[in-house]
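Novice:
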Amino acid sequence: YKRITTNTLVEMKKNGEKVSMLTAYDYTMAKIVDGAGVDVILVGDSASNVMAGHETTLPITLDQMIYHASSVVRAIERALVVVDIPFGSYQSDPKEALRSAIRIMKESGAHAVKVEGGREIKESIKRILNAGIPVMGHLGLTPQSIYKFGTYTVRAKEEQEAQQLKEDAKMLERAGCFGIVLEKIPAKLAKEVAASVSIPIIGIGAGNGVDGQVLVLHDLLGMTHEFNPRFLRRYMNLFEDMTESIGQYVKDVKAVEFPNENEQY
Ligand code: KIV
Ligand code: NA
């Protein structure tokens, strides 16, 4: 695929090809992620944690998300760019939700938005879709509701919540969403949901019975080292490599080993 669209993703599911998705929040990283062949780049509100150092995703603002998104959009040639609408910018009413989605699309040049929740935000999702803006859903452990959940443990282990999640996934498909992220739910349930809809289900901590996977870039690279959920696979240990390299730079500066004769004018 030369350029990924929301239709490409639905086609991938039909063909049994898994969707790769990863977060990025800035130009330099997005360029690497896009060049490496990732299908979907998520400008996640996890930027609140990863970029800004907040404890939750709640504090990040719409303006800040647009700043991250526009930086990412300038870097990509192939990936579909999806942007989280942040907490407080879509929950109060459908008009506000649409306004926020329009600002993201207009000011950043992104291709789609993502919102957390099911039936509670159905009307907002419809309003955004009516404006021609593709919407991705997000069910299961939805971090914007962390104070309702109280913990970051696995969701939908009980029958009632599992049933509600299944219905919400169906509703999101019917409403016209092009995909759904399922976060931290039992693998068996995620597989069942993936089999019940024709739009791609992208999992994080949801097992391999779904249509694709998403991770936070800085977790995959091992830049963050205090976050250790079972679902996380670290492909690098950049925390150690970077600490060592930067430590070496400090030593070299102190010892006047840097710069050397070839590194000066
Ligand atoms: O903000 C984010 O990074 C996300 C993914 C973890 C799905 O929503
Ligand atoms: Na998010």
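Counting in our numbering, the sequence shown runs from 310 upward without gaps. A virtual CB, placed ideally from N, CA and C, is assigned to each residue, including glycine.
1. Quick check: the Cα distance between residue 353 and residue 444, rounded to an integer number of angstroms?
2. Confirm, please, whether the CB-CB distance from residue 489 to residue 478 is below 8 Å.
3. Report yes if the C-beta distance between residue 514 and residue 538 is below 8 Å; otherwise report no.
4. Quick one: Cα of residue 534 to Cα of residue 528, how far?
5. What are the complete alpha helix (DSSP H) segments, minimum 4 residues, inside the stretch 463-497?
6. Let's see if you can read the secondary structure: which residues bound the alpha helix (DSSP H) around residue 353?
7. Out of curiosity, what's the CA-to-CA distance linking residue 486 and residue 392?
8. So, at 6 Å on beta carbons, what are the nonlocal neighbours of residue 447 in its own chain, with the 5 sequence-adjacent residues on each side left out?
9. CA-CA distance, residue 339 and residue 332?
10. At which residue ranges does the stretch 372-414 contain complete beta strand (DSSP E) runs of 3 or more residues, listed in the order of the chain?
11. In whole angstroms, what is the alpha-carbon distance linking residue 315 and residue 563?
12. Return the first residue and the last residue of the beta strand (DSSP E) that residue 523 is part of.
13. According to the Cβ coordinates, are residue 412 and residue 455 closer than 8 Å?
Specialist: Concretely, from the data shown:
1. 14 Å
2. yes
3. yes
4. 8 Å
5. 468-484
6. First-last for residue 353: undefined, no H or E at that position.
7. 14 Å
8. 423, 425, 490
9. 8 Å
10. 389-393
11. 52 Å
12. 521-524
13. no
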